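Asks: Keeping their order, the protein sequence lines are chains A and B.
Numbering-wise, the first sequence is residues 0 to 339 according to numbering that gives the first Met the number 0.
Numbering-wise, the second sequence is residues 0 to 339 according to numbering that gives the first Met the number 0.
What follows is a single structure, and I will ask about it in a moment.
2 protein chains.
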Amino acid sequence: MNTVAARPRIKDVARYAGVSPKTVSNVINDFEHVSEQTRAAVREAIDALGYRVNIAGRQLRQGRTGMITLAVPELDVAYFSELAKHVMAEADRRGRTVLIHQTEGVRERELAALHGFDTQFSDGVILSPLSLLPRDLTTRDQRLPVVLLGERPAEGGTDHVGIDNVRAAREATEHLLSRGRRRIAVIGGAVRGRQGTDRLRTDGYRQALEVAGLPFAPGLVVPVEAYHWQDGARAASALLEKEPHPDALLCLNDHLALGALRTLYERGRSVPGDLDVVGFDDIEASRFSVPSLTTVAPDKPDIAKAAVSLLLERIDEPDAGSLQDHVAGHRLIVRESSGG
Amino acid sequence: MNTVAARPRIKDVARYAGVSPKTVSNVINDFEHVSEQTRAAVREAIDALGYRVNIAGRQLRQGRTGMITLAVPELDVAYFSELAKHVMAEADRRGRTVLIHQTEGVRERELAALHGFDTQFSDGVILSPLSLLPRDLTTRDQRLPVVLLGERPAEGGTDHVGIDNVRAAREATEHLLSRGRRRIAVIGGAVRGRQGTDRLRTDGYRQALEVAGLPFAPGLVVPVEAYHWQDGARAASALLEKEPHPDALLCLNDHLALGALRTLYERGRSVPGDLDVVGFDDIEASRFSVPSLTTVAPDKPDIAKAAVSLLLERIDEPDAGSLQDHVAGHRLIVRESSGG
DNA sequence: CATGGCGATTACATCGATGTAAATACGTCG
DNA sequence: CGACGTATTTACATCGATGTAATCGCCATG
């Protein structure tokens with residue numbers, strides 16, 4: 000019962016169908032000059048033997064695997080797992096398989112993805128970086144097609160897909176201002192440093208304040224270690240320690256916002272009575288939290304679609320066309336946490 | 000600028016170091032009979048050229064890749080993304096790389112994982128099945144080592160890792176009973192059919208009722224389509240339509256529970272005032288929800304560790320030892336939603 | 001000094017699939 | 001009926017790494 004026939008090879012199929020291995024290969028790859036009759040015979044042999052192409056052999060020969068890699072910092076950040084779902088769906092539609100890779104936001108692992116070390120089986124990489132440095136992109140091995148998501152360590156070098164972070168943050172802030180909020184804190188924000196997502200969103204926030212003629216208070220910008228619930232909870236606690244209290248929290252992702260909501264609940268602050276809370280990403284949890292969360296919803300299907308398209312284009316024509324920067328749409332979804 | 004040197008091959012390294020390709024291979028694979036001198040020269044050549052082994056070539060020759068696949072239904076179900084994190088960490092510790100695969104709970108895709116179709120690069124698979132049938136396991140290709148998580152379509156056939164679902168559900172139910180709850184509904188439950196996780200947990204629930212001398216009311220068991228927030232919300236709504244209302248909800252995962260919490264909030268029911276709510280999985284969201292969620296916490300690190308260990312054993316010795324069934328620990332974490 | 005023995009190194013074949021180029025089959029036309 | 005062109009099919013080499021078995025070099029021993 001333990002002795003199973005070995006997986007059939009292309010030559011087993013050939014023998015069974017009474018043709019040469021190359022003819023089997025031709026059938027598999029839809030080469031047009033194969034008679035209907037042989038094609039049928041080969042198909043039958045394939046079915047009969049349960050033959051599947053050995054991808055290692057194929058890759059060795061033609062250097063393609065039909066697989067692409069999606070490398071994200073953390074899968075338990077819902078934005079990334081939701082995005083992964085869309086990317087897989089889109090890739091499926093295009094006849095590709097997606098391998099998912101977790102970098103934990105560690106530069107070394109992002110570099111590994113960028114260089115295809117752990118991902119040699121992949122024809123290209125969609126990478127959502129956190130710690131990559133500008134020079135990592137310019138010194139990278141240009142042979143592996145790469146599309147960056149979200150963060151962009153430097154201008155040029157790779158195709159890029161993301162939303163207009165500055166505008167999104169400005170709009171979210173304007174929403175809070177229009178509700179009469181004046182002391183808006185930014186959880187997860189960054190005032191200086193790289194033009195990362197945090198910095199761009201903080202810039203958008205500042206623009207909105209400026210337009211409204213309000214002063215910018217650096218004390219209201221609270222950096223965080225990671226974009227998780229507990230960091231949001233902690234940041235909210237810290238903000239409530241100091242006087243005067245903020246009257247709104249602009250949280251740079253939904254996990255931070257949901258963590259903050261919990262802290263406010265524990266401290267007896269009413270949302271949206273005492274404070275408004277806004278997040279980014281529109282993860283599923285935000286529709287069901289109590290109160291439900293106002294959030295900036297990036298167009299995830301569009302992001303996934305653009306990323307896969309750009310990557311496949313690069314794979315098919317490595318040095319064609321100029322670098323693309325696809326700006327995906329976003330919209331503010333107003334829910335209970337800001338009076339919706 | 001676009002002309003980059005091709006990725007170096009083993010023979011390029013050989014030429015650079017002035018030795019044969021096989022000697023380079025020997026160095027890479029830590030073959031012991033290589034002089035210190037040659038070894039150093041080869042190492043230097045490898046560094047100088049930035050050589051990395053081509054895994055396709057290696058796999059073709061030795062049939063191993065050093066990669067394992069984790070196939071789960073949906074990454075945006077937090078339990079699975081959290082588990083994925085632990086599996087990756089453990090695999091990393093053991094010097095393996097994990098490829099993640101999403102089956103969407105579709106039998107066809109689970110079969111694909113089981114047969115290594117999309118996962119040929121992988122030495123083995125850790126699969127969390129939903130729709131697999133018993134015969135799928137017995138008729139599967141025995142050459143790909145497989146460890147099943149959670150559901151177990153049939154006795155035997157593969158190694159298995161999971162918690163004691165019956166006992167866990169019984170304990171959770173006992174907890175509710177001890178708080179005086181008498182009309183406990185089961186969201187996501189199943190009274191008959193395969194011995195899936197849902198069925199086992201429902202059985203545990205029934206056992207607890209029986210021990211307490213309470214009647215079993217089939218109307219309190221509400222099946223769901225999927226284990227997502229919205230299904231929990233919908234099921235809770237349905238339960239509130241009918242009289243008499245339940246006084247507790249045993250939800251078979253945390254997403255269902257959190258969705259139900261939202262519905263109860265919308266309908267003005269107080270938790271744990273009017274009803275208690277309990278979930279399964281202890282995802283991060285449950286610590287921060289309002290109210291925080293009582294839940295059965297499976298020992299995820301233990302599950303991940305056992306799964307990886309069993310799989311690596313099977314890979315190293317395909318037909319050694321009998322089939323293992325590792326029962327991982329669990330504990331009930333009582334939080335606000337049941338008076339904690 | 002010839003021989004044996006052992007460690008270090010290498011030549012060659014091979015894993016599976018497919019590109020190239022050559023061979024074969026088939027049909028058409030003079 | 002034979003030559004030629006086109007449609008199919010095939011033989012062979014190749015992708016990169018490594019197992020096998022053979023060879024080489026060196027030292028100890030008789």
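Quick reminder that beta carbons are idealized off the backbone N, C-alpha and C, glycines included.
Computed from a predicted structure; not experimentally measured.
Exposed or buried, Asn164(B), counting other C-beta atoms within 10 Å across all chains shown (16 or more means buried)?
Replies: Answer is buried; the Cβ neighbour count reaches 16.
Asks: Suppose the cutoff is 6 Å on Cβ atoms and the five residues either side in sequence are ignored; what does the same chain contact list for Val71(A) look like?
Replies: Phe79 and Ser127.
Asks: Of all Cβ atoms in chain B, is any one closer than 9 Å to the Cβ of Ile332(A)?
Replies: No, its Cβ sits nowhere closer than 9 Å to a Cβ of chain B.
Asks: Quick one: which residues of the stretch 79-104 of chain B get their C-beta closer than 7 Å to a C-beta of chain A? List them in chain order.
Replies: Going along the stretch 79-104 of chain B in chain order, one finds Ser80, Glu81, Ala83, Lys84, Met87, Thr96, Leu98, Ile99 and Gln101 with a Cβ nearer than 7 Å to chain A.
Asks: Look at the alpha carbon of Thr2(B) and the alpha carbon of Thr138(B), and state the distance between them as a whole number of angstroms.
Replies: Residue confidence for Thr2(B) is low, a pLDDT of 40 falling below 50, so the modelled location carries little weight and cannot support an answer.
Asks: With a cut-off of 8 Å, do at least 3 Cβ pairs link the stretch 308-328 of chain A to the stretch 154-161 of chain A?
Replies: Yes, since at least three Cβ pairs between the stretch 308-328 of chain A and the stretch 154-161 of chain A fall closer than 8 Å, the two stretches touch.
Asks: Give the DSSP-derived three-state secondary structure of Val160(A) in the structure shown.
Replies: Note: Val160(A) maps to strand in three-state DSSP.
Asks: Does DSSP put Arg313(A) in a helix, a strand or coil?
Replies: Arg313(A) falls in the helix class under three-state DSSP.
Asks: Spell out whether any CB of chain B is found under 9 Å from the CB atom of Ala5(A).
Replies: Yes, contact with chain B.
Asks: Taking the C-alpha atoms as reference points, what is the distance between Gly212(A) and Ala167(A)?
Replies: Roughly 19 Å between the two C-alpha positions.
Asks: Under the three-state reduction of DSSP, which class applies to His100(A): helix, strand or coil?
Replies: DSSP places His100(A) in strand when its eight states are reduced to three.
Asks: Rounded to whole angstroms, what is the Cα-Cα separation between Asp46(A) and Lys10(A)?
Replies: Rounded to whole angstroms, Asp46(A) to Lys10(A) spans 14 Å at the Cα level.
Asks: Determine the DSSP secondary structure at Phe79(B), reduced to helix, strand or coil.
Replies: In the structure shown, Phe79(B) sits in a helix (DSSP, three-state: H, G or I).
Asks: Should Val105(A) be labelled buried (16 or more other beta-carbon atoms within 10 Å of its own) or exposed?
Replies: It is exposed - the Cβ of Val105(A) has fewer than 16 other Cβ atoms within 10 Å.
Asks: Give me the Cα-Cα distance between Gln101(B) and Asp91(A), rounded to the nearest whole angstrom.
Replies: Straight-line Cα distance between these residues: approximately 12 Å.
Asks: At 3 residues or longer, what runs of the beta strand (DSSP E) sit wholly inside the stretch 173-211 of chain A?
Replies: Runs of the beta strand (DSSP E) inside the stretch 173-211 of chain A: 183-186.
Asks: Under a CB-based cut-off of 9 Å, is Ser19(A) close to chain B?
Replies: Chain B, which has no Cβ nearer than 9 Å to the Cβ of Ser19(A), makes this no.
Asks: Excluding sequence positions up to five away, which residues of its chain have a Cβ less than 7 Å from the Cβ of Gly149(A)?
Replies: Ser127, Gly161 and Thr196, listed in sequence order.
Asks: Could you pull out every residue in the same chain whose Cβ sits closer than 6 Å to the Cβ of Ser34(B), ignoring the five residues on either side in sequence?
Replies: Same-chain partners within the cutoff: there are none.
Asks: So, for Arg198(A): in the same chain, excluding its five sequence neighbours on each side, which residues have a beta-carbon less than 7 Å away from its beta-carbon?
Replies: The answer, listed in chain order, is Ala189 and Gly192.
Asks: What does Val289(A) touch in chain B if you count any residue whose Cβ is under 8 Å from its own?
Replies: Simply Leu260, Arg261, Tyr264, Ser288 and Val289.
Asks: Examine chain A for any beta-carbon lying closer than 9 Å to the beta-carbon of Arg313(B), and answer yes or no.
Replies: It does not: the Cβ of Arg313(B) has no partner Cβ on chain A nearer than 9 Å.
Asks: CB Leu260(B) to CB Val97(A), shorter than 9 Å?
Replies: Not closer than 9 Å, so no.
Asks: If we define contact as Cβ-Cβ less than 9 Å, is Leu110(B) a contact residue for chain A?
Replies: No, because no Cβ of chain A sits closer than 9 Å to the Cβ of Leu110(B).
Asks: Since Phe279(B) sits in a beta bridge, which residues does DSSP pair it with?
Replies: DSSP output for Phe279(B) lists Val295(B) as bridge partner(s).
Asks: Would you mind working out which of Thr22(A), Ala44(A), His254(A) and Arg6(A) sits nearest Tyr15(A), comparing C-alpha positions?
Replies: With distances taken between Cα atoms, Tyr15(A) lies closest to Ala44(A).
Asks: Starting from the C-beta of Val333(A), find all residues in its chain whose C-beta is less than 6 Å away, skip the five residues before and the five after it, and write them out in chain order.
Replies: Contacts found: Thr293 and Gly339.
Asks: Per DSSP, what are the beta-bridge partners of Val71(B) in this structure?
Replies: According to DSSP, which records beta bridges pairwise, Val71(B) is partnered with Gln101(B).
Asks: To the nearest angstrom, how far is it from the Cα of Ala232(A) to the Cα of Thr262(A)?
Replies: The alpha-carbon atoms of Ala232(A) and Thr262(A) are separated by roughly 5 Å.
Asks: If we ignore side chains and look at the alpha-carbon of each, how far apart do Leu309(A) and Val145(A) end up?
Replies: Cα to Cα, Leu309(A) sits roughly 9 Å from Val145(A).
Asks: Could you tell me which chain A residues have their CB closer than 9 Å to the CB of Glu283(B), listed as they occur along the chain?
Replies: Near Glu283(B) (Cβ distances below 9 Å), the residues of chain A are Asp75, His227, Trp228, Gln229 and His254.
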